[in-house]
Amino acid sequence: MNEQRVLQNIEDWVRAELEYEKFLKRAVELAEDGLNSGNQPFGSLLVDRAGNILFEDHNRDNTENPTAHPELAISRWAARNLSEEERREAVVYTSGEHCPMCSTSHALVGLGKIVYVSSSAQLSEWLSELGVEPASYSVKSIQEMIPGADVEGPHEKFSQQVKALHERYHTKNKE
């Protein structure tokens, strides 16, 4: 009986990892869509308990306004369209760790787990290497903004793709 339980746990873990990869890959694709639209490369999606994508978006910081982040759009959509329980059970997959504004909106709306590709620390390091000025606000991790949050990341499998997108964005904007 113990062996069956162990096998089921392993199968559940493998299934979860495959789902993570699928959704994190989609977050990176959305980040590239944002970049191709003239925005900074960030992409995020909201997934329900059954694995259905409920909402997805990319940054629109240059084409709309500096606060048009996909995580903020997710929070707004979820607040309008999901029950408290559905929000709590949903997972946000994102190409980059939430900024303080997006972390706060996530907490206020009561969304569930956050799974991200690259951390704020990684992004800060990459931008420094590119000679990009630091952010005009304090960069904090999700855990610093939302103590006790269920957070997983970074996921190194896709982090180099995200780094390349930021290099493209910032190299293009230096010209």
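Position 50, counted from 1, in the sequence shown is what the UniProt record's numbering calls 50; the numbers after and before it change by one each time, with no gaps. All C-beta atoms in this analysis are idealised placements derived from N, C-alpha and C, irrespective of residue type, glycine included. Note that the coordinates shown come from a computational prediction; the quantities given were computed from them, not determined experimentally.
- DSSP places Glu56 in the uninterrupted beta strand (DSSP E) bounded by Ile53 to His58.
- Ranked by Cα distance from Arg88, the options Glu21, Ile114, His155 and Trp126 are led by Ile114.
- Here Asn81 is not near Arg60, since their CB atoms are 8 Å or more apart.
- DSSP, reduced to helix, strand and coil, places Leu46 within a strand of the structure shown.
- Scanning Leu30, Asn65, Ser105 and Ser124 for the CA closest to the CA of Ala78 turns up Ser105.
- Taking 8 Å as the cut-off, the Cβ atoms of Val92 and Val162 do not count as close.
- Going by DSSP, Val139 is part of no beta strand (DSSP E) at all; its letter is neither H nor E.
- When secondary structure is reduced to three states using DSSP, Gly153 falls in the coil class, being assigned neither helix nor strand.
- For Ile74, the enclosing alpha helix (DSSP H) starts and ends at Pro70 to Asn81.
- With at least 16 other beta carbons inside 10 angstroms of its own, Ala90 counts as buried.
- Scanning its chain for C-beta atoms nearer than 7 Å, with the 5 sequence neighbours on each side dropped, one finds around Gly96 the residues Phe42, Tyr116, Val117, Ser118, Leu123 and Val162, in chain order.
- In the structure shown, Thr94 adopts extended strand secondary structure according to DSSP, grouped into three states.
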